[in-house]
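**Student:**
Protein chains in written order, with our numbering: chain D, 1264 to 1882; chain C, 528 to 758.
1) At a Cβ threshold of 9 Å, is residue 1756 of chain D touching chain C?
2) Below 8 Å on the Cβ atoms is my guess for residue 1545 of chain D versus residue 1557 of chain D; work out the distance and round it to an integer in Å.
3) Return helix, strand or coil for residue 576 of chain C, following the three-state DSSP convention.
4) Given that residue 591 of chain C touches chain D, what residues does it touch there, using C-beta distances under 7 Å?
5) Taking 9 Å as the CB-CB cut-off, is residue 595 of chain C touching chain D?
6) Would you grab the beta carbon distance between residue 630 of chain C and residue 705 of chain C for me? Rounded to a whole angstrom, and I think it's under 8 Å.
7) Check whether the segment 1679 to 1688 of chain D touches the segment 1712 to 1728 of chain D, counting contact only when three or more Cβ pairs, one atom from each stretch, lie closer than 8 Å.
8) Report the residues of the segment 663 to 681 of chain C with a CB closer than 8 Å to any CB of chain D, ordered along the chain.
9) Pick out whichever of D/1292, D/1381, D/1822, D/1690 has its Cα sitting closest to the Cα of residue 1347 of chain D.
10) First and last residue of the beta strand (DSSP E) that includes residue 1516 of chain D?
11) Against chain C, does residue 1749 of chain D count as a neighbour if the rule is that its beta carbon must be under 9 Å from one of theirs?
12) Are residue 707 of chain C and residue 650 of chain C closer than 9 Å when you measure CB to CB?
13) Could you compute how far the alpha carbon of residue 1869 of chain D sits from the alpha carbon of residue 1843 of chain D?
14) Here's the rule I'm using: 16 or more other beta-carbon atoms within 10 Å means buried, otherwise exposed. How should residue 1503 of chain D be labelled?
15) What whole-angstrom Cβ distance do residue 1355 of chain D and residue 1294 of chain D have, given they're in contact under 8 Å?
16) Throw me the rounded Cβ distance for the residue 1795 of chain D and residue 1882 of chain D pair, which I believe falls under 8 Å.
17) With a cut-off of 9 Å, does the C-beta of residue 1566 of chain D fall near any C-beta of chain C?
18) Buried or exposed: where does residue 1280 of chain D fall if 16 or more other Cβ atoms within 10 Å of its Cβ makes it buried?
19) Would you call the segment 1454 to 1463 of chain D and the segment 1604 to 1611 of chain D in contact, with 3 or more CB pairs under 8 Å?
20) With a cut-off of 9 Å, does the C-beta of residue 569 of chain C fall near any C-beta of chain D?
21) Would residue 1345 of chain D and residue 1290 of chain D qualify as a contact pair, given that the criterion is a beta-carbon distance under 9 Å?
22) Could you check the C-alpha separation between residue 1553 of chain D and residue 1547 of chain D for me, to the nearest Å?
23) Anyone know if the C-beta pair for residue 1500 of chain D and residue 1419 of chain D falls short of 9 Å?
24) Beta strand (DSSP E) containing residue 682 of chain C: first to last residue?
25) How about residue 1427 of chain D and residue 1562 of chain D: are their beta carbons less than 9 Å apart?
26) From the DSSP output, in three-state form, read off residue 1564 of chain D for me.
27) With distances taken from CA atoms, which of D/1277, D/1397, D/1444 is nearest residue 1415 of chain D?
28) Please return the same chain residues whose Cβ sits closer than 7 Å to the Cβ of residue 1617 of chain D, not counting the five positions on each side in sequence.
29) For residue 1866 of chain D, which three-state DSSP category applies?
30) Where does residue 1544 of chain D fall in DSSP's three states?
31) Say the cut is 8 Å; is the CB of residue 1582 of chain D nearer than that to a heavy atom of the ligand GTP?
32) Could you name the residues of chain C that residue 1588 of chain D contacts, counting a contact when the two beta carbons are closer than 7 Å?
33) On the three-state DSSP scale, how would you describe residue 1779 of chain D?
34) Roughly how many angstroms separate the alpha carbons of residue 756 of chain C and residue 699 of chain C, rounded to a whole number?
35) Which of the three DSSP states, helix, strand or coil, is assigned to residue 1721 of chain D?
36) Does DSSP put residue 1639 of chain D in a helix, in a strand, or in coil?
Below is the structure:
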């Protein structure tokens, strides 16, 4: 396309794009995010295109691969427009039925619809799915609707109008003021006021004349994929936010630091940057305004600590990804010693909306101190695994039961780990806590970047804390002593407790060392490292005591504290467990009661899973 | 001039100095391991933690070597919080450097009782980074660096191969606070490969791991020759 020379050029282009956008036309939108791809969405897309080419319709039916709409549990997702019939768990072989029955015959395929687990009713249309009912989708609005590799789709739905508004109607100071008024807080974890940070950086940039902005897309918490889905599904939203930010702060060069383990996100981001440059929305003299801004991509090489802002900057500079002490803060001296403003993907992605609706309007969403919406990736022991965007102030119960569909197999909820390994767990008694920065902090958890790992009664909280602590310990950069050795000491203690060798005093040691690591570590990684252990001790101390004093694991998880046996009353000698045992620990003959040799048993639990008669018991 | 209060004592200092410098210039003793006045501060050993009071915020620990003096700061260097922090940090250092006389002396000084956690492998290198910074900032050579992360972190040469950058100046050995860097002067050692001509070499080691040989070219030639022979 031709480079747009002015904002009126843009408006003409946008009007044309908007006119050609028609969601009442028949169209098949298939989620082509990483989650659905893993479940085979690309084959579905391929088959759909082939099937449509074969049937040779009079009116061509479009097939669009979109970004992740969030309902990952039921992927691959196919939505039939214009009705918005939502098909889920679509297999490549279902494709011809979709084309023949639904597109040609106008009939809804019942088997592919979502079934409400409570009522047992089929739900036909996407907007009626309970998963979407309580969500407030701002950042994720276009995910699932547009093709992320087409700038035209984004523009047709009103994309880049906030940028035009900022460039034509607002001064940089006014943009900063709008963001300040909106009360937007950093979505990466700490929750610092974005507008305040921008203002500070702007002041320093005016002194030095040069500065940088960075998007932190080095999302690394286990079970978190908010940023990935935004970059994959709607990269132009991030670009627009960053361009507006650069204009407000007075920056000419920005970077997106994104982990190399997100190949699709990197690919879509590259395409988006190229398209924006070609359209004149990035580069020199953006839309004829005289404002220049260039954006580069820097790939992270797999170090969790590089999500910490000072380590991230060191990594961009080509140095070892180690944090450095603050002050000076990046707003004062950041990348190459220049004032730098770092925000997370979701923070930048909120900016276009703030400019579009005004800071005051934005501030009406959410709670007194936490404004706007927040995306959570809800994973673990939950029915509807996926990505949800909710207004701040919603309760944890609503997310887990109304949106998430509750806990599978009728089990009971135990706790939710919020904020990944740096966060803490929120137990059942606090399910009605409103989701905002302060309330979560008060409970010993954090908002973090939005990872939410749900556990049920079958999860051992000691083992759970051990998992997160091990993760953090392996990701510690090793620069400072408390984080390098202290986390190792904590992991060793937890491993001992899980192995049944816990000693009285171990919990006190964990508390003492946890406190030490938190207070003495150099960077945010170390300062939050013990959170998962400290919060699980706070709410589930009885489980620790059971491991240490009674030598039992209440959830029957820790291998050193459990044993499997076969109930002779129930066992009918079918030999299934015997054949499946990986360590030949089960003996017996057909129609004879089997027995497990505890010395050979590795407590893998396979026998229990394969037994059709529930004869295997764990104690 | 900047005015601050350290251990209830008013102190004046020029701008741009660290809390540690302010303390040392005023006769307040703070233990350090990774600090050296000739080098950029690092903030890694966390021994110089002091308690900083900034009401209404809760008081917190900051590393004195990297925290800049600011007007009106109130700092305590020997509060219970600080002493506890030092004891635990030295206890953690003893987890691997349990036979280092320097660390043991430090443990006595700060009052470490029992060492509750020990690593299976002894290692006197506490990753204070002094050798690496000295090699870079004093000699301007940068033959060594820290590599890997976390518990696997260690001082080594790029790609862990013999470095031709090392000039055998020995600064790293002199600056090492725990004696982990040993000058193994092995002039006269013969090549361990039978039948090959003996050649002279000197090298420095961390523990027994790396080998910074200055005669890199000669080594490569030898290696290549050896490979050809075995083929």
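No residue lacks a Cβ here, since even glycine has one placed at the ideal position from N, Cα and C.
**Tutor:** Reading from the atomic positions:
1) Numbered from its first residue, the first chain carries residue 1756 of chain D at position 493. By this cut-off, residue 1756 of chain D is an interface position.
2) Counted from its first residue, the first chain places residue 1545 of chain D at position 282. Counted from its first residue, the first chain places residue 1557 of chain D at position 294. About 7 Å separates the two Cβ atoms, so the contact holds.
3) By 1-based counting over the second chain, the position of residue 576 of chain C is 49. In this structure, residue 576 of chain C counts as strand in the three-state DSSP scheme.
4) Within the second chain, residue 591 of chain C is the residue found at index 64, counting from 1. Those do not exist, as residue 591 of chain C stays about 11 Å from chain D at its closest Cβ, beyond 7 Å.
5) By 1-based counting over the second chain, the position of residue 595 of chain C is 68. Closer than 9 Å: yes.
6) For the purposes of this step, residue 630 of chain C is taken as the residue at position 103 of the second chain. For the purposes of this step, residue 705 of chain C is taken as the residue at position 178 of the second chain. So it is a contact: roughly 6 Å between Cβ atoms.
7) yes
8) 672, 673, 675, 676, 677, 678, 679, 680
9) Taking the first residue of the first chain as 1, we reach residue 1347 of chain D at position 84. Checked all of D/1292, D/1381, D/1822, D/1690; the closest Cα to residue 1347 of chain D is D/1292.
10) Residue 1516 of chain D sits at position 253 when you count from the first residue of the first chain. Residues 1516 to 1522.
11) Position 486 of the first chain, counted from the start, is the residue given in the question as residue 1749 of chain D. Yes, its Cβ sits closer than 9 Å to a Cβ of chain C.
12) Here residue 707 of chain C is taken as the residue at index 180 of the second chain, counted from 1. Here residue 650 of chain C is taken as the residue at index 123 of the second chain, counted from 1. Yes, they are a contact pair.
13) Counting from one through the first chain, the residue named residue 1869 of chain D turns up at place 606. Counting from one through the first chain, the residue named residue 1843 of chain D turns up at place 580. One alpha carbon belongs to residue 1869 of chain D, the other to residue 1843 of chain D, and they sit about 7 Å apart.
14) By one-based count along the first chain, residue 1503 of chain D stands at place 240. With 16 or more Cβ atoms within 10 Å of its Cβ, residue 1503 of chain D is classed as buried.
15) On the first chain, residue 1355 of chain D is found 92 positions in, with the first residue counted as 1. On the first chain, residue 1294 of chain D is found 31 positions in, with the first residue counted as 1. That belief does not hold up - the Cβ atoms of residue 1355 of chain D and residue 1294 of chain D are roughly 14 Å apart, past 8 Å.
16) Locating residue 1795 of chain D in the first chain gives position 532, counting from the first residue. Locating residue 1882 of chain D in the first chain gives position 619, counting from the first residue. That belief does not hold up - the Cβ atoms of residue 1795 of chain D and residue 1882 of chain D are roughly 28 Å apart, past 8 Å.
17) Working through the first chain from its first residue, we reach residue 1566 of chain D at position 303. So, interface residue.
18) Within the first chain, numbered from 1, the residue matching residue 1280 of chain D stands at position 17. Residue burial is scored here from C-beta neighbours: residue 1280 of chain D has at least 16 other C-beta atoms within 10 angstroms and is therefore classed as buried.
19) As far as the Cβ criterion goes, the segment 1454 to 1463 of chain D touches the segment 1604 to 1611 of chain D, which means the pair count is three or higher.
20) Here the question's residue 569 of chain C lines up with position 42 in the second chain. With 9 Å as the cut-off, residue 569 of chain C counts as an interface residue toward chain D.
21) Working through the first chain from its first residue, we reach residue 1345 of chain D at position 82. Working through the first chain from its first residue, we reach residue 1290 of chain D at position 27. Yes.
22) Counting from 1 along the first chain, the entry for residue 1553 of chain D is found at position 290. Counting from 1 along the first chain, the entry for residue 1547 of chain D is found at position 284. Looking at the backbone, the Cα of residue 1553 of chain D and that of residue 1547 of chain D are separated by about 7 Å.
23) Along the first chain, read from residue 1 onward, the residue named residue 1500 of chain D stands at position 237. Along the first chain, read from residue 1 onward, the residue named residue 1419 of chain D stands at position 156. In this structure, residue 1419 of chain D does not lie closer than 9 Å to residue 1500 of chain D by Cβ.
24) Sequence index remark: in the second chain, residue 682 of chain C carries index 155 (1-based). 681 to 683 is the extent of the beta strand (DSSP E) around residue 682 of chain C.
25) Here residue 1427 of chain D refers to the residue found at position 164 when the first chain is read from its first residue. Here residue 1562 of chain D refers to the residue found at position 299 when the first chain is read from its first residue. No; because the gap between Cβ atoms is not below 9 Å, this pair is not in contact.
26) By one-based count along the first chain, residue 1564 of chain D stands at place 301. In the structure shown, residue 1564 of chain D sits in coil (DSSP, three-state: anything other than H, G, I, E or B).
27) Against the first chain, residue 1415 of chain D aligns to sequence position 152. For residue 1415 of chain D, the nearest C-alpha among the options comes from D/1277.
28) Your numbering for residue 1617 of chain D matches position 354 in the first chain. Once the five neighbours on either side are set aside, the close Cβ partners of residue 1617 of chain D are 1441, 1442, 1445, 1447, 1625.
29) Within the first chain, numbered from 1, the residue matching residue 1866 of chain D stands at position 603. Correct three-state label for residue 1866 of chain D: coil.
30) Along the first chain, one-based indexing puts residue 1544 of chain D at 281. Residue state, collapsed to three classes: coil.
31) No copy of the ligand GTP appears in this structure; indeed no ligand is present at all.
32) Within the first chain, the letter at position 325 stands for residue 1588 of chain D. Near residue 1588 of chain D (Cβ distances below 7 Å), the residues of chain C are 570, 590, 593.
33) Here the question's residue 1779 of chain D lines up with position 516 in the first chain. Helix.
34) One-based indexing of the second chain puts residue 756 of chain C at position 229. One-based indexing of the second chain puts residue 699 of chain C at position 172. Here residue 756 of chain C scores only 48 on pLDDT, less than 50, and its place in the model is too uncertain to base an answer on.
35) If you number the first chain from 1, residue 1721 of chain D lands on position 458. In this structure, residue 1721 of chain D counts as coil in the three-state DSSP scheme.
36) What you label residue 1639 of chain D is simply residue 376 of the first chain in a count that begins at 1. Three-state result, residue 1639 of chain D: strand.
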